[in-house]
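Q: Counting the sequence shown from 1 gives a position; this note's numbering is that position plus 91.
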Amino acid sequence: MGKIYQLTVVGIQGEKKTVDVATTEEDFNNTTILVFKKKLIEKLPGNIDPSELRVLYAAKQLEDNDKLSDHGIKDKSTLMLVLRLHGGWTHIYALTMKSQM
92 MGKIYQLTVV GIQGEKKTVD VATTEEDFNN TTILVFKKKL IEKLPGNIDP
142 SELRVLYAAK QLEDNDKLSD HGIKDKSTLM LVLRLHGGWT HIYALTMKSQ
192 M
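1. So the alpha helix (DSSP H) LYS130 belongs to, where does it begin and stop?
2. Could you check if LYS151 belongs to the surroundings of the ligand NAP, using beta carbon to heavy atom distance under 8 Å?
3. Taking the C-alpha atoms as reference points, what is the distance between TYR148 and GLU154?
4. To the nearest angstrom, how far is it from the Cα of ASN138 to the Cα of LYS128?
5. Look up ASP111 in the DSSP assignment and say whether it is helix, strand or coil.
6. For VAL110, collect the residues of the same chain with a Cβ closer than 8 Å to its Cβ; drop the 5 residues on either side in sequence, then sort them by chain order.
7. When the Cα atoms are used, what is the spatial distance from ILE124 to GLY93?
Below, the structure is given as structure tokens:
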């Protein structure tokens with residue numbers, strides 16, 4: 092069995108979800124944030140649009156076209172997930188990530 096490259100996502104309320112990203116280091120490094128969001132959404136309940144999610148790493152918001160390697164994100168790294176709010180609100184709402192195991 093080959094290696095599976097994974098990332099852990101933490102919501103504002105501390106919920107954790109592990110996402111399988113790739114099976115090779117090259118594929119992992121070349122994975123865009125948008126592709127990662129789509130893989131994450133597959134594990135979440137409801138119908139969520141990727142544009143509603145914001146992914147943070149090292150206190151920096153990651154853009155959809157960024158690659159994981161652009162930010163030095165490695166296998167088993169932990170990212171933070173928040174929901175985008177429309178209308179200029181400054182509050183951050185947590186996305187509840189219930190385990191489906």
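We put the CB at the ideal spot given by N, CA and C, even for glycine.
A: Reading from the atomic positions:
1. Against the sequence shown, residue 130 aligns to sequence position 39. 124 to 132 is the extent of the alpha helix (DSSP H) around LYS130.
2. This structure lacks the ligand NAP, and indeed carries no ligand of any kind.
3. Working through the sequence shown from its first residue, we reach residue 148 at position 57. Working through the sequence shown from its first residue, we reach residue 154 at position 63. The alpha-carbon atoms of TYR148 and GLU154 are separated by roughly 11 Å.
4. The count along the sequence shown starts at 1 and reaches residue 138 at position 47. The count along the sequence shown starts at 1 and reaches residue 128 at position 37. When rounded, the distance between both Cα atoms is 13 Å.
5. Taking the sequence shown and counting its residues from 1, one reaches residue 111 at position 20. ASP111 falls in the strand class under three-state DSSP.
6. Within the sequence shown, the letter at position 19 stands for residue 110. Once the five neighbours on either side are set aside, the close Cβ partners of VAL110 are GLN97, LEU98, THR99, VAL100, PHE127, LYS130, LEU131, LYS134.
7. Within the sequence shown, numbered from 1, the residue matching residue 124 stands at position 33. Within the sequence shown, numbered from 1, the residue matching residue 93 stands at position 2. Cα to Cα, the separation comes out at about 23 Å.
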